[in-house]
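Chains as they are written, first to last, in the working numbering: chain A, 142 to 388; chain B, 142 to 388; chain C, 142 to 388; chain D, 142 to 388.
We put the CB at the ideal spot given by N, CA and C, even for glycine.
In this text, all values refer to a predicted model and were calculated from it rather than measured experimentally.
4 protein chains.
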Amino acid sequence: MAGIKVTVWNEFLHEKSSAAVRQIYPNGIHEAIAAPLRAAGYEVRTATLAEPTHGLTEDVLDHTDVLLWWGHVAHGEVQDAVVEAVVKRVWQGMGLIVLHSGHFSKVFRRLMGTSCDLKWREAGEHERLWVVNPAHPIATGISETIELPHEEMYGEHFDIPTPDELVFVSWFPGGEVFRSGCTFVRGNGKIFYFRPGHETYPTYHNTAIQQVLQNAVQWARPVEGPNFQRGNVKPLESLHEKNDFVK
Amino acid sequence: MAGIKVTVWNEFLHEKSSAAVRQIYPNGIHEAIAAPLRAAGYEVRTATLAEPTHGLTEDVLDHTDVLLWWGHVAHGEVQDAVVEAVVKRVWQGMGLIVLHSGHFSKVFRRLMGTSCDLKWREAGEHERLWVVNPAHPIATGISETIELPHEEMYGEHFDIPTPDELVFVSWFPGGEVFRSGCTFVRGNGKIFYFRPGHETYPTYHNTAIQQVLQNAVQWARPVEGPNFQRGNVKPLESLHEKNDFVK
Amino acid sequence: MAGIKVTVWNEFLHEKSSAAVRQIYPNGIHEAIAAPLRAAGYEVRTATLAEPTHGLTEDVLDHTDVLLWWGHVAHGEVQDAVVEAVVKRVWQGMGLIVLHSGHFSKVFRRLMGTSCDLKWREAGEHERLWVVNPAHPIATGISETIELPHEEMYGEHFDIPTPDELVFVSWFPGGEVFRSGCTFVRGNGKIFYFRPGHETYPTYHNTAIQQVLQNAVQWARPVEGPNFQRGNVKPLESLHEKNDFVK
Amino acid sequence: MAGIKVTVWNEFLHEKSSAAVRQIYPNGIHEAIAAPLRAAGYEVRTATLAEPTHGLTEDVLDHTDVLLWWGHVAHGEVQDAVVEAVVKRVWQGMGLIVLHSGHFSKVFRRLMGTSCDLKWREAGEHERLWVVNPAHPIATGISETIELPHEEMYGEHFDIPTPDELVFVSWFPGGEVFRSGCTFVRGNGKIFYFRPGHETYPTYHNTAIQQVLQNAVQWARPVEGPNFQRGNVKPLESLHEKNDFVK
Chain A
142 MAGIKVTVWN
152 EFLHEKSSAA
162 VRQIYPNGIH
172 EAIAAPLRAA
182 GYEVRTATLA
192 EPTHGLTEDV
202 LDHTDVLLWW
212 GHVAHGEVQD
222 AVVEAVVKRV
232 WQGMGLIVLH
242 SGHFSKVFRR
252 LMGTSCDLKW
262 REAGEHERLW
272 VVNPAHPIAT
282 GISETIELPH
292 EEMYGEHFDI
302 PTPDELVFVS
312 WFPGGEVFRS
322 GCTFVRGNGK
332 IFYFRPGHET
342 YPTYHNTAIQ
352 QVLQNAVQWA
362 RPVEGPNFQR
372 GNVKPLESLH
382 EKNDFVK
Chain B
142 MAGIKVTVWN
152 EFLHEKSSAA
162 VRQIYPNGIH
172 EAIAAPLRAA
182 GYEVRTATLA
192 EPTHGLTEDV
202 LDHTDVLLWW
212 GHVAHGEVQD
222 AVVEAVVKRV
232 WQGMGLIVLH
242 SGHFSKVFRR
252 LMGTSCDLKW
262 REAGEHERLW
272 VVNPAHPIAT
282 GISETIELPH
292 EEMYGEHFDI
302 PTPDELVFVS
312 WFPGGEVFRS
322 GCTFVRGNGK
332 IFYFRPGHET
342 YPTYHNTAIQ
352 QVLQNAVQWA
362 RPVEGPNFQR
372 GNVKPLESLH
382 EKNDFVK
Chain C
142 MAGIKVTVWN
152 EFLHEKSSAA
162 VRQIYPNGIH
172 EAIAAPLRAA
182 GYEVRTATLA
192 EPTHGLTEDV
202 LDHTDVLLWW
212 GHVAHGEVQD
222 AVVEAVVKRV
232 WQGMGLIVLH
242 SGHFSKVFRR
252 LMGTSCDLKW
262 REAGEHERLW
272 VVNPAHPIAT
282 GISETIELPH
292 EEMYGEHFDI
302 PTPDELVFVS
312 WFPGGEVFRS
322 GCTFVRGNGK
332 IFYFRPGHET
342 YPTYHNTAIQ
352 QVLQNAVQWA
362 RPVEGPNFQR
372 GNVKPLESLH
382 EKNDFVK
Chain D
142 MAGIKVTVWN
152 EFLHEKSSAA
162 VRQIYPNGIH
172 EAIAAPLRAA
182 GYEVRTATLA
192 EPTHGLTEDV
202 LDHTDVLLWW
212 GHVAHGEVQD
222 AVVEAVVKRV
232 WQGMGLIVLH
242 SGHFSKVFRR
252 LMGTSCDLKW
262 REAGEHERLW
272 VVNPAHPIAT
282 GISETIELPH
292 EEMYGEHFDI
302 PTPDELVFVS
312 WFPGGEVFRS
322 GCTFVRGNGK
332 IFYFRPGHET
342 YPTYHNTAIQ
352 QVLQNAVQWA
362 RPVEGPNFQR
372 GNVKPLESLH
382 EKNDFVK
């Protein structure tokens, strides 16, 4: 984990406007997410909407292996230029972990090509996440369920492309299910969407949730894969000499 | 649908030993499954465990485009030769629809390569199946949920290979979810596993369930695809003449 | 096929500017694609860039089950409003078949969320498409290869999301391979990308290519699936009465 | 890599019967595979067909995180009990890397549920492997192609289930393509099939091939995921108290 650079982005608005949220996350959701990642040995910085360039300058992105994204009420205020810069970095290999209401963020919708719409209900329901892919590294150290006594409900149909991998499916007592842990690849970058994390519940203080986020960061880190040639290319040279059987 | 030949295979034991099951399915589960398929225009025959070769002779298989399989208490009594004959036909293109407790059938386990184990509970619980792939033809004519007032519960983790496509996810009030509509390809054959159908509930009389089975038969029918060459082959002839730019 | 409404969209520029292209496609690529679909019984109209709204008015889209898209040199001239209207229709269930250089169209890139970049070479090379998914309906009636004596080469890495299904892989003599038949789902709509079709070769006169396009239209037609509720929803009613075992 | 236990299994027959093979692999293919893995820090042992229990005793399997499998002419001589023991370990989480002609091994066919048949030609052709999934950890440190001057050809259609992930596609000058790097999950275990490695060519001395095998071992190592409950289970306790809004 040493040497992996993580940036946690948070809208950071609910914590300012709501005493109830502030009581749960006194330093902001971003710090609650960042602290256990730091403790696990990652190099973690944070960035928020109100900062210039939302804290996501070229320099910050240059030093980000994995970006986590929490947003809710101000998706429309995120500048398109920042969205495109983030998308470009994902294409180049930066990992992206989209959290909870980030499903409606410009960045996620841009990368998915769908509406990313869903059902929801704020009723403090019990959420039970079932592991459906026990061989996946994101399930490392997790029991067969994660139990969250109170969460916002998200229900199917979740309008996303078919996930490359489905790691968690959530159950809610009101009758809904949700594909709550999904992976995608876009360009050289890996993306993980993870459902839980409503601002009015202490979800990010749950150690199993923290473990999933650590696993996801580890999984989403860039691979030093090929630099592809693009555009007009020449054929393989000396094909005849090498393969003179083809006659 | 005209011209598509369907065989419905049923163990046909519960109906003989249990008056309660017989009351729901007086002619056997196979006839309850067959009747609406016949009404939809398919050519449907049935076959059962007690028949010679379990009713699945070479001649019957020769005239089967799609095979449905319901079994529960007598998986071990199915002859290995019949299992291999069915598997070979699937490889050649025959569609296979595996129902409910058929998850533990020799045929399904042989084709999956996994234990196909799961959780279960017989408590007459409400089952709610959610469509998670609305573009799939198996979802044709289905609402966003199918509601079954009483069913046996099956819960994750369902030990199957990653499905090629996930069409339904089930919710149960006791806290479980289940990938209840899954597709797989083996050789030239398409396979659909569909969870509901416990013998003590009138599931196969439910019109939405009947619609799913019709859709699944339509989807699983053989494709007149390529006959592949196997084994030792020669290279593409006249490559040089056709592609004289490669020099 | 009766009753399925198809619209073939073509940029229709090469045919006007190049006598060589005009000789191969005297009525335009769109008519070469449309004719065999009409002969197969589909209701086919065409639309081109130069028409008002590029021929893709709301009324035309209202009467389109499957849209085929051929574009190359004028992707940038397609109005964003038309792109968004097409994307919205795909989300609602309209099938979309993207052809050859359409990989760089605004519509395809918008739906994929990637650059859709690739390698290319115009050298009249032999293209050999291998069927790698013989159970897929798009392979109906196709031999194990399709042989195109002269085509433009496209090579990997093709920067697309992981396809839901891979139907064809192309081989080129200069040393390249390409995932040339790929399916995707976006919302309720099915998408098929099919590689061949350079304007200077008679690819759309090839009967195997015509068969693939017919198969793809059949496969991509809308499913009458669920109308999903979105947004704030209530829990399942009467859960307790229905499931009084949960105590 | 420290602490990851690897077992390399080799049939070890060609090396004894053929001087040409022995010249390339004087200590056997298993040692050629094992040496660079040892150098990378893995704990590596080897096992061969002629040993009691083919060298794969319960004790050896107890101390194997990832098993590599090379076999060719003697698949039928592998005892069924050993096959089942290996399959069971994969289900429990052991990684499995199947090499080249191991596609026809009992272990691989048992886990795939298909014939695993393919085309082949021994003509010393150039093999070019293209990376098609640059975000995958198995592509770490690999260029956009791996070039093998001389290899046996394997061609499509490769009769395997749809791979979970496709990492490499091979090109051969005689006109074939092949899905040459494929991943699968079975139970809690991860499987990687990797095509190159004919005994008469020095493929395992190629540093890019060695890098792929190191990456694959790293990827396939067991995840400490959930221990699932199976069979008859009770519902979630205290559902009503926790979720008293459901009334």
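Anyone know if the C-beta pair for residue i and residue j falls short of 8 angstroms?
i      : j      : result
V219/A : V272/A : no
L197/A : E152/A : no
N356/A : I279/A : yes
V207/A : A361/A : yes
Y345/B : I174/B : yes
H155/B : V149/B : no
R327/B : G254/D : yes
H241/B : P343/B : no
Q359/B : M142/B : yes
V228/A : V248/A : yes
F299/A : F325/A : no
G182/C : W210/C : no
L377/A : L178/A : no
H204/D : V223/D : no
G366/A : P304/D : no
R340/B : M294/B : For the sequence presented, residue 340/B should be read as Glu rather than Arg. Cβ distance not < 8 angstroms, so E340/B and M294/B don't count as in contact.
P302/A : P302/C : yes
H277/C : V364/B : yes
G296/A : V374/C : yes
Mind pulling the chain D residues with CB within less than 7 angstroms of residue i?
i      : result
S284/A : P367
W271/C : E297, V318
T281/A : V364, E365, G366
Residue i versus chain A: which residues are under 7 angstroms apart at the beta carbon?
i      : result
L377/C : G315, G316
I330/D : In the sequence as presented, Ile is not what sits at residue 330/D; that position holds Gly. Within 7 angstroms Cβ-Cβ: A276.
W232/C : T255, S256
R327/C : G254, T255, P302
Which residues of chain C have a Cβ atom closer than 9 angstroms to the Cβ of residue i, listed in chain order?
i      : result
W121/D : With chain D covering 142 to 388 only, the question about residue 121/D has no answer from this structure.
V227/A : Simply none; closest approach about 12 angstroms.
Any chance the CB of residue i is under 7 angstroms from a heavy atom of the ligand SAH?
i      : result
M253/A : Ligands displayed in this structure: none; no statement on the ligand SAH is therefore possible.
Can you name the residues that DSSP bridges to residue i?
i      : result
K260/D : G372/B, G296/D
R269/B : E288/B, W312/B
K247/A : Answer is none; K247/A lacks a bridge partner.
K146/A : E184/A
G322/A : F309/A, F335/A
W211/D : N151/D, L240/D
T189/C : N151/C
Starting from the beta carbon of residue i, find every residue of chain B whose beta carbon is closer than 8 angstroms, and list them in chain order.
i      : result
L208/D : By Cβ distance, chain B contributes nothing, its closest Cβ being about 16 angstroms from L208/D, past 8 angstroms.
Given that residue i touches chain B, what residues does it touch there, using C-beta distances under 7 angstroms?
i      : result
C252/D : The amino acid occupying residue 252/D in the given sequence is Leu; Cys does not appear at that position. Result: G254.
V374/D : K260, R262, G296
Taking residue i as the query, report the chain A residues whose CB atoms sit under 8 angstroms from its CB, ordered along the chain.
i      : result
R371/C : D258, L259, K260
Could you check how far apart the C-beta atoms of residue i and residue j are, in whole angstroms? I think they sit under 8 angstroms.
i      : j      : result
G316/B : R251/A : Not quite, the Cβ-Cβ distance comes to about 36 angstroms (not below 8 angstroms), so this is no contact.
At a CB-CB cut-off below 9 angstroms, which residues of chain B make contact with residue i?
i      : result
D221/D : Ordered by position in chain B, no residue passes the 9 angstroms Cβ test against D221/D, which lies about 13 angstroms from the chain.
For residue i, which residues in chain A fall below 9 angstroms Cβ to Cβ?
i      : result
D305/C : P302, T303
For the structure I just gave you, are there three or more beta carbon pairs, one from the region 230-244 of chain B and one from the region 322-335 of chain B, closer than 8 angstroms? Touching, yes.
Does the structure place the region 312-326 of chain A close enough to the region 283-298 of chain A that three or more beta carbon pairs sit under 8 angstroms? Cβ pair count under 8 angstroms is three or more, so yes.
At least three beta-carbon pairs within less than 8 angstroms, the region 256-264 of chain C to the region 364-372 of chain A: The region 256-264 of chain C is in contact with the region 364-372 of chain A.
For the region 203-215 of chain B and the region 207-214 of chain D, state whether three or more C-beta atom pairs, one from each stretch, are separated by less than 8 angstroms. Touching, no, given that fewer than three Cβ pairs across the two stretches are closer than 8 angstroms.
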